[in-house]
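*Asks:* Supplied in structure tokens, the structure appears directly below.
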Amino acid sequence: MQSARSLKKARRLSAFDIAVYAISTAVGLIMLYPFVYMISLSVSDFQPVLNGEVIFLPHGFNTAAYRVFFADNSIWRAYLNTVIIAVGNTILGLAVNSMAGYALSISIFRWRRPATIYLMFTMFFGGGLIPFYILLSRMSLVNTYWALIVPYALSQWYIMIFRTFFSNDIPESLRESALLDGASELQIFRQIVLPLSKPVFATITMYYIVSNWNNYFMPMLLLDNSELFPLQVILQHKLSISNAQKMDGSLNFDFYSAIPVQSTRAAAILASSLPILCLYPFIQKYFVKGVMIGAVKG
Amino acid sequence: MYFQNSSVTHSRKRRSLMRDRKSQMQLLMMIAPALILCFLFCYVPMYGIVIAFQKYNLIKGILGSQWVGFSNFARYFNSMYAWRTIRNTLLINVYDIVFGFPMPILFALIINEIRNSTFKRITQTVSYLPHFISTVVLVGIVKLIFSNGGVVNKTIETFGGEAVLFLAKPGWFRSIYIGSGIWQGLGWGSIMYLAALNGVDMSLYEAAEIDGANRIQKIIHVSIPAIVPVICTMLILRLSSILSVGFEKVMLLYNSSTYETADVISTYLYRKSFESSYPDYGLSSAIGLFSGLVGSIFVFAGDRITKKLSGNGLF
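Rendered as structure tokens:
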């Protein structure tokens, strides 16, 4: 009787429910619309784009903007650079931060508190951009991949996520019994903790991939050699090419000048975001996990 | 018998002491790479703070440059840029706190009311999407949407209005900056609140229902009180960065015609040291030090306030 009544109640949509669905549908559409607009601008025929007729769905079909984008060798070079930097930064970062997080998760570790304070202090106070830049140029790191791989490998935030995960999800008794068997801390870490910590490693890996993929400012600041430019720097360069520059013939595509800037820009935006959007289901899952782990105060 | 026993405990104790010393050493070795990187790239640059008190010359270096006391600070605060950049930085943050901060909370409350779990999941997944695009892409999209031939101006023209140069008008900068920030951060920002809402005991809602509460009353009297602690923490974290703005985004979005409302402390600092033909490192370091100090004060003050209010702080 009770359940039948609540079932009936659940089925009936009140005005309140309708408002909830309407608002969330509207929000969802607002979230998606810019992407739809980009797709439509990038694949529509030239004339409708130039006339400003493309505002929602594509008019006609034309892949010229994409062909031009991928015909440029600097793009492939940029993808490669981004991958090199991301892989280097991710591997180094995972190693450094996970080991530090492990050490900090051990309650008998004597340097736990001083090391935590030492690391945390720099989250709130630093020397600033200029001394950092001068330091890197003195170390001859400027204009190399290393400038983007090494300094940003360390992340106090990820150390804390690792620490929280290790101290909450790895039973201390496991470590103690391994110690009795004569294992060293590094062996325990590699053979016992690592296999149990796949979720947190996956999460932090995703964080590194996304932040490297999207990084613009630091590469722009630290690299001069265009051979080394990662994707976002090249993308920004492409987005800032104006109509006037296109017309002056410095870009040697016969058909290039016919393509509306809106289309080339939209195509560049989508093509450079595509890998992230393809990985999105995984990224989203692990990112949400990361927020949850980070939210548990250590 | 007694003797033997005691020697066993003794040696066991000694063994465990040795093992402990070994463990301590091994753990220190494991954390060492992080400590070294932190020293090199976080602590070493701090010595550069002295540049703020020098007429810094890149060739002469810190030891050879002339000391000028507080004159770099004085130059900044006496210039017309000090007021403009500090005001813009504060205003962007204040508007963002007023308009941007409550949005994820409202969104979380609405999501929490969706009964169909599939629909709920899809809405959430879609709303997280903008979080993952880069600032370059975000600004690129904003420019396409608001440009002269973009969809916004086309819509205005369709309804008989006149096209607006949104990206070149100082009056529009803050709205565009904060609006696009809401678009990008709405779903992502709601995760923490939704997690708190999921933790609410269902019996509280049932009790409220027995007392005759309708759904809006349940939101006001059950849901909102449940997320107040999260709201407080988030607000304090947000307040602590009141003197910093998404520098990358401002830099990509502004242009010389919108400096009046868009030029913030960090972009000014950047132009002074990296975009000028005579880089003024002394001045930039002084500005950086000033905003860094104010930022730290806000963090520690915020932490104290949370400790007073809720009994647990950020650290």
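Chains as they are written, first to last, in the numbering used here: chain A, 136 to 433; chain B, 49 to 363.
Glycine included, every Cβ here is placed at the ideal spot set by N, Cα and C.
Quick caveat: nothing in here was measured; it's all calculated off a predicted structure.
1) Going by other Cβ atoms of all chains shown within 10 Å of its Cβ, with 16 needed for buried, is Asn-387/A buried or exposed?
2) Measuring only the C-alpha atoms, how far is Met-78/B from Leu-321/A?
3) Report the rounded CA-to-CA distance for Ala-216/B versus Leu-289/A, giving the unit in angstroms.
4) Using 8 angstroms as the Cβ pair cut-off and three pairs as the minimum, do the region 285–305 of chain A and the region 195–211 of chain A touch?
5) Using a C-beta cutoff of 8 angstroms, does Thr-171/B count as contacting chain A?
6) So which residues on chain B does Phe-259/A lean against when the C-beta distance must stay under 7 angstroms?
7) At least one CB of chain A closer than 8 angstroms to the CB of Met-94/B: is that the case?
8) Any chance the region 302–318 of chain B sits against the region 243–255 of chain B, with 3 or more Cβ pairs inside 8 angstroms?
9) Could you list which residues in chain B have their beta carbon closer than 9 angstroms to that of Phe-205/A, in chain order?
10) Does DSSP classify Lys-103/B as helix, strand or coil?
11) Look up Gly-115/B in the DSSP assignment and give the residues it is bridged to.
12) Does the Cβ of Lys-355/B have 16 or more other Cβ atoms within 10 Å, making it buried, or fewer, making it exposed?
13) Using a Cβ cut-off of 8 angstroms (strictly closer), state whether Gly-223/A contacts chain B.
14) Can you tell me where the alpha helix (DSSP H) holding Arg-248/A begins and where it ends?
15) With DSSP run on the structure shown, which of helix, strand or coil describes Met-250/B?
16) Measuring alpha carbon to alpha carbon, tell me which residue in Glu-210/B, Pro-152/B, Phe-194/B, Ile-110/B is nearest Arg-273/A.
17) Going by DSSP in three states, Tyr-438/A sits in which element: helix, strand or coil?
18) Throw me the rounded Cβ distance for the Phe-204/A and Ala-406/A pair, which I believe falls under 8 angstroms.
19) Given a cut-off of 8 angstroms, decide if Gly-330/B and Ser-172/B are closer than it, judged by their beta-carbon atoms.
20) Please list, in chain order, the residues of the region 183–198 of chain B that have any C-beta partner in chain A closer than 7 angstroms.
21) Can you tell me whether Arg-248/A is buried or exposed? The criterion is at least 16 other CB atoms within 10 Å of its CB, across all chains shown.
22) For the putative contact between Phe-297/A and Ser-375/A, defined by C-beta atoms under 8 angstroms, what is the C-beta separation to the nearest angstrom?
23) With a cut-off of 8 angstroms, does the C-beta of Glu-320/A fall near any C-beta of chain B?
24) Please report the Cβ distance between Tyr-237/A and Phe-301/A, rounded to the nearest whole angstrom; I am assuming they are in contact, meaning their Cβ atoms lie under 8 angstroms.
25) Does the ligand ZN have even one heavy atom less than 7 angstroms from the beta-carbon of Leu-75/B?
26) List the residues of chain A that Pro-81/B touches, going by C-beta distances under 8 angstroms, in chain order.
27) Measuring only between beta-carbons, confirm whether Glu-257/B sits less than 8 angstroms from chain A.
28) When you compare each of Ser-238/B, Phe-118/B, Tyr-124/B, Val-199/B to Ile-279/B by their alpha carbons, which one comes out closest?
29) Counting pairs of Cβ atoms below 8 angstroms between the region 330–347 of chain B and the region 254–271 of chain A, do you hit three or more?
30) Do you know offhand how far Ile-418/A's Cα is from Met-341/A's?
31) Expressed to the nearest angstrom, what Euclidean distance is found between the alpha-carbon atoms of Leu-65/B and Leu-227/A?
32) Quick check on Phe-336/A: does DSSP put it in helix, strand or coil?
33) Classify Tyr-172/A as helix, strand or coil using the three-state DSSP reduction.
34) Which residues, in order along the region 277–296 of chain B, keep a beta-carbon less than 8 angstroms from a beta-carbon of chain A?
35) Whole angstroms is fine: what's the gap from Ala-199/A's alpha carbon to Ala-213/A's?
36) Please confirm if Ile-353/B has its CB atom under 8 angstroms from at least one CB of chain A.
*Replies:* The short version:
1) Reliability fails at Asn-387/A, whose pLDDT of 47 lies under 50, so the model's placement of it is uncertain and the value that follows must be treated cautiously. Counting of Cβ neighbours within 10 angstroms places Asn-387/A among the exposed residues, the total staying below 16.
2) Met-78/B and Leu-321/A have their alpha carbons spaced roughly 8 angstroms apart.
3) Distance between Ala-216/B and Leu-289/A, taken at the CA atoms: about 39 angstroms.
4) No: the two stretches stay apart, fewer than three of their Cβ pairs being nearer than 8 angstroms.
5) Closer than 8 angstroms to some Cβ of chain A, the Cβ of Thr-171/B qualifies, so yes.
6) Those are Ser-344, Val-347, listed as they occur along chain B.
7) Interface annotation, Met-94/B: in contact with chain A, CB-CB separation under 8 angstroms.
8) Segment contact: the region 302–318 of chain B against the region 243–255 of chain B, fewer than three CB-CB distances shorter than 8 angstroms; contact not assigned.
9) None at all; the shortest Cβ gap to chain B is about 17 angstroms.
10) The answer is strand: DSSP assigns Lys-103/B an E or B state.
11) The amino acid occupying residue 115/B in the given sequence is Trp; Gly does not appear at that position. Looking at the DSSP assignment, Trp-115/B forms a beta bridge with Gln-102/B.
12) Exposed: under 16 other Cβ atoms inside 10 Å.
13) No, because no Cβ of chain B sits closer than 8 angstroms to the Cβ of Gly-223/A.
14) That run of the alpha helix (DSSP H) goes 247–259.
15) Secondary structure of Met-250/B (DSSP, three-state): helix.
16) Between Arg-273/A and the set Glu-210/B, Pro-152/B, Phe-194/B, Ile-110/B, the nearest pair of CA atoms involves Ile-110/B.
17) This structure leaves residue 438/A out entirely; chain A is present only between 136 and 433.
18) About 5 angstroms separates the two Cβ atoms, so the contact holds.
19) For the record, residue 172/B in the displayed sequence is Gln; it is not Ser. No, the Cβ-Cβ distance between Gln-172/B and Gly-330/B is not below 8 angstroms.
20) From the region 183–198 of chain B, only Thr-183, Val-184, Val-185, Gly-188, Ile-189, Leu-192, Ile-193, Gly-197 have a Cβ closer than 7 angstroms to chain A.
21) Result: exposed.
22) So it is not a contact: roughly 39 angstroms between Cβ atoms.
23) Yes, its Cβ sits closer than 8 angstroms to a Cβ of chain B.
24) Beta-carbon to beta-carbon, Tyr-237/A and Phe-301/A are separated by about 6 angstroms, close enough to satisfy the 8 angstroms threshold.
25) Looking for the ligand ZN in the displayed structure turns up nothing, as the structure carries no ligands at all.
26) Chain-order list of chain A residues neighbouring Pro-81/B: Ala-230, Val-231, Met-234, Ala-235, by C-beta distance under 8 angstroms.
27) Chain A contact via Cβ: absent.
28) Taking only the C-alpha atoms, the option nearest Ile-279/B is Ser-238/B.
29) Yes: at least three Cβ pairs fall under 8 angstroms.
30) If you take the alpha carbons of Ile-418/A and Met-341/A, they lie about 6 angstroms apart.
31) It is roughly 33 angstroms from the alpha-carbon of Leu-65/B to the alpha-carbon of Leu-227/A.
32) If DSSP states are grouped into helix, strand and coil, Phe-336/A belongs with the helices.
33) Tyr-172/A: helix per DSSP, three-state reduction.
34) Residues passing the 8 angstroms Cβ filter: Phe-295, Glu-296.
35) The alpha-carbon atoms of Ala-199/A and Ala-213/A are separated by roughly 21 angstroms.
36) Ile-353/B does not count as touching chain A.
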